[in-house]
Every structure is written in C-alpha cells, then in structure tokens.
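**Q** Pasting in a structure now, in structure tokens, and then I'll have a few things to ask.
Numbering (this note's numbering), first residue to last: 2 to 390.
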C-alpha cells in the first residue's frame, strides 16, 4: 500500500458539466482508501521516502453514491500541476511525483559519546519513533551536563546521499518554544565524512539562525554529498551562547534517516541512471548527474571533453613542462613530454636538470661525465665542452 504524509490536495473539475465538483483529501484516516497519515511507504521490505504516490479511490467516495461509472475518460485538475484521471470504471487514479531514495541508515551501526544508561546510538536508526519521549526506549540519549554531543552512523561504505531527516525527542509534547528540548537542538551541525573524524569530511549543515520558536522537528536537510559516515554534532564549549540555547549539549535523537542511492555510481529519482564514465572515482551529483571531478585527460560538467593543449591530469589541472623538447606539449594523461627534453634537462617530464662537475687539483684537473648522460644531445654537450677545454 502506498500512503502519503500529511497530504492535503484540492481537486476540481473545470468542465461546466461538473461545475462545483470539489474533493478534499483528509489528513486523518477514516478508511483505508483515504489513509494519508504515514510518512513513508515500503516496497520489497525496503523503506522509501515518499515523493510520488498512487492512490485508488472509488467513485462513490469521490462523487457520492449517485455516481458509479463513465463510458469515457475525463481529467480532473489538481493543484500544483497534478492531474486526476477518471477512466471508464470504478476507480480514480491520483498520480503524484515518486522518488525512491532508500533510507541508507536503517539498522546500520551507530555510535555516540556520553551515552545515557541503555539508550544507545543504534536506537536512532532502528526505524521506530512512535514514542518521542527520551526515556521511551525508541530514542538515543546522551548524558546530562556535557559540553559536547556527537552521534554518527556508519553507512557501511561510501554512499551517494540526497537528504537527511532528523527526528528529535519531544517528550511527546507539542514542539514549540515552550518545549524543553528545543534549546538542546539549537546550534547543531551535520557532517559527511569517509572517516569517523568529522574534520576529515564536509560540513553539510550548521544551524546559526534557528530559535526555540522556529526550529523544525523533524528537520529535513538537503545534503548531496558522498560519504560513509553521517555525523551529528553539537557543543556548548564557548560561552556566552545565543539567547534560548541550553547550557549543556545533548543528542536526544529518536531517528536519523539518511536518504540516497545505495550505489555511489548512480543518480536520479530512482537511482537508475549511471554516472558518466569519466567522473572521478565514478561519483556524480545525485540529482543532476554532473561530475564532482574528472578522471585524467577529461574536463567539463560530465567530463566529456579532452584536456586543452598544454594541460593534463585530473580535471586538466596540471601544466605541461616548458622544458619539454616541444615546450608546453605533453601526454594529456601522464604529462610525459612529447619529443624529448630541451638541452640540460632529463626525465619523463623533463623535470631533472643536470650539470658537469669539474674537479681541480694543483697538478691537473679532469672532468667527470655524469652517469645519466646517455642521449646523443647530452653526449654532444659533453664532447663539445671537452674539446673546448
């Protein structure tokens, strides 16, 4: 069954023969067909973020008991550009957009500092958050009177992340400025990292503007990065703090959901599109499919163009050596010089200079031929010098 979260859609028939037809889908669930209260749907036992939805309704529910079927197909307009199809029978199909990003954090290994009693970090990735009391057994909780609060989940490998949803403890009370827990949430940060150290990763989000009256719960953070660890962090280490902030840091997290593609080499709403083949490490933007970087020799948003003349390497970011035999010309992959080196230089990239060593004594002097002189041009330089002396 597919069900929509907090859905409220007004459907109107513009055709004059159905003037005044208005249907409002409720937020409660008086019957199974109208259930619009759940936040997610399940397919093949996997949990997905709802961005698209298909709901089947009977004509009796939609139009009343006096209407049962039509001999043709009609279209009802829905707000925000959606359509409702009425087609030759007993059903109406409501089509909304669907995005099958998977919850990558579900049942993964988690850790937190300063755990309070038995309320361990993995309670925030167990899929349960019907009881939002911090002692209710469904939330991870940190100990009181701490200056830092850190929690992280290990996704098992580098994943392509789209967004993160954090459900904070509420004590099952209304979430507003009078809720005691809001002050502990203020100022939090979220990092994405390939190690357990947040400083090795990227800062995905840092709260600098929320107040106890404006901070949302749950909070939905767009975070289109690749990484293995998602790290929640808060601190109270540098007073004074902004108005409304708690004195100490807590991480009372009831659920952290990390939505994205299980394979980092794919993108798109259904994670079905493969990243361009020349993207560095095979990674690309989870929405647009553009590369974060290019492998050797390529450049461009999708890494489809060869490096311009004189450049080589990853993202064409390196300059060919000016000591190449043909200055500034080299292989676009390796950077090795084309046509050898200029006189006085050696090495694949003509990066090594050489010189002649003259040893002088009181009785005589002699010239040592460097062992690396091997090419015809190098020997010519040496022989000319010897002839001159």
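Cβ atoms here follow ideal geometry from the backbone N, Cα and C, with glycine treated the same way.
Owing to the predicted nature of the structure, the values given are computational and were not obtained by experimental measurement.
Buried or exposed for residue 251, going by 16 or more other Cβ atoms inside 10 Å?
**A** buried
**Q** Is the separation between the beta-carbon of residue 149 and that of residue 268 shorter than 9 Å?
**A** no
**Q** By the three-class DSSP mapping on this structure, what secondary structure does residue 278 have?
**A** coil
**Q** Between the C-alpha atoms of residue 138 and residue 132, what's the straight-line distance to the nearest angstrom?
**A** In a straight line, the C-alpha of residue 138 is about 8 Å away from that of residue 132.
**Q** I'd like the ranges of any beta strand (DSSP E) spanning at least 3 consecutive residues and lying wholly in the segment 110-136.
**A** 110-113
**Q** Please report how far the alpha carbon of residue 262 lies from the alpha carbon of residue 275, in whole angstroms.
**A** If you take the alpha carbons of residue 262 and residue 275, they lie about 11 Å apart.
**Q** Please look up how many angstroms separate the CB atoms of residue 155 and residue 109, rounded, as I've assumed it's under 8 Å.
**A** 6 Å
**Q** Which one of 197, 224, 179 has the shortest CA to CA distance from residue 164?
**A** 224
**Q** Cα separation between residue 166 and residue 317?
**A** 37 Å
**Q** Quick one: Cα of residue 292 to Cα of residue 174, how far?
**A** Going by the C-alpha atoms only, they are around 44 Å apart.
**Q** What residue from 281, 194, 259 has the CA that sits closest to residue 220's CA?
**A** For residue 220, the nearest C-alpha among the options comes from 259.
**Q** Does the beta-carbon distance from residue 157 to residue 256 come in below 9 Å?
**A** no
**Q** Since I believe residue 227 is in contact with residue 126 (beta carbons under 8 Å), could you give me their beta-carbon distance rounded to a whole number of angstroms?
**A** Actually they are not in contact, since the Cβ atoms of residue 126 and residue 227 sit about 19 Å apart, beyond 8 Å.
**Q** Under 9 Å between the Cβ atoms of residue 336 and residue 321?
**A** It is a contact, given that the beta carbons lie within the stated cut-off.
**Q** Check for me: the alpha helix (DSSP H) holding residue 184 runs from which residue to which?
**A** Taken as a continuous stretch (DSSP letters only), the alpha helix (DSSP H) holding residue 184 covers 183-186.
**Q** Using the DSSP secondary-structure output, state which residues sit across from residue 346 in a beta bridge.
**A** 354
**Q** Using a beta-carbon distance below 9 Å, is residue 182 in contact with chain B?
**A** The question asks about chain B, but that chain is absent: this structure has only one protein chain.
**Q** Just to confirm, is the Cβ distance from residue 329 to residue 311 under 9 Å?
**A** yes
**Q** Going by other Cβ atoms of all chains shown within 10 Å of its Cβ, with 16 needed for buried, is residue 298 buried or exposed?
**A** buried
**Q** Does residue 52 pass the burial test, meaning 16 or more other C-beta atoms within 10 Å, or should it be called exposed?
**A** Confidence in residue 52 is poor, its pLDDT being 39 and thus under 50, which makes the residue's placement unreliable; the coordinate value appears in the next sentence. Exposed.
**Q** Taking C-alpha atoms, which residue in 147, 187, 331 lies nearest to residue 210?
**A** 187
**Q** Can you name the residues that DSSP bridges to residue 152?
**A** 113, 233
**Q** Tell me the residue span of the beta strand (DSSP E) that contains residue 207.
**A** 203-207
**Q** Run the CB neighbour count on residue 253, radius 10 Å, all protein chains shown included, and call it buried at 16 or more, exposed below.
**A** buried
**Q** So, are the CB atoms of residue 222 and residue 206 less than 9 Å apart?
**A** Yes, these two residues count as a Cβ contact at 9 Å.
**Q** Nearest by alpha-carbon distance to residue 123: which of 152, 146, 136 is it?
**A** 152
**Q** Give me the Cα-Cα distance between residue 135 and residue 265, rounded to the nearest whole angstrom.
**A** Whole-angstrom Cα-Cα distance: 34 Å.
**Q** Tell me which same chain residues have a C-beta within less than 7 Å of the C-beta of residue 245, skipping the five on either side of it?
**A** Excluding positions up to five away in sequence, the list reads 184, 187, 212, 213.
**Q** Buried or exposed, going by whether 16 or more other CB atoms sit within 10 Å of the CB of residue 168?
**A** With 16 or more Cβ atoms within 10 Å of its Cβ, residue 168 is classed as buried.
**Q** Take residue 44 and list the residues in its own chain whose beta-carbon comes closer than 7 Å to its own, dropping the five residues that flank it on each side.
**A** Residue placement at residue 44 cannot be trusted, given a pLDDT of 37 that sits under 50; the coordinates are not used to answer.
**Q** Anyone know if the C-beta pair for residue 392 and residue 141 falls short of 9 Å?
**A** Because the chain is modelled from 2 through 390, residue 392 falls outside the range shown and cannot be assessed.
**Q** In the structure shown, what three-state DSSP assignment does residue 200 receive?
**A** helix
**Q** Can you have a look at residue 278 and say buried or exposed, based on whether 16 or more other CB atoms are within 10 angstroms of its CB?
**A** exposed
**Q** Quick one: what's residue 165 bridged to in DSSP?
**A** Bridge pairing for residue 165: 222, 259 [DSSP].
**Q** Please report the distance separating the alpha-carbon of residue 248 from that of residue 237.
**A** 7 Å
**Q** Label residue 273 either buried or exposed according to how many other C-beta atoms from any shown protein chain fall within 10 Å of its C-beta, with 16 as the threshold for buried.
**A** exposed
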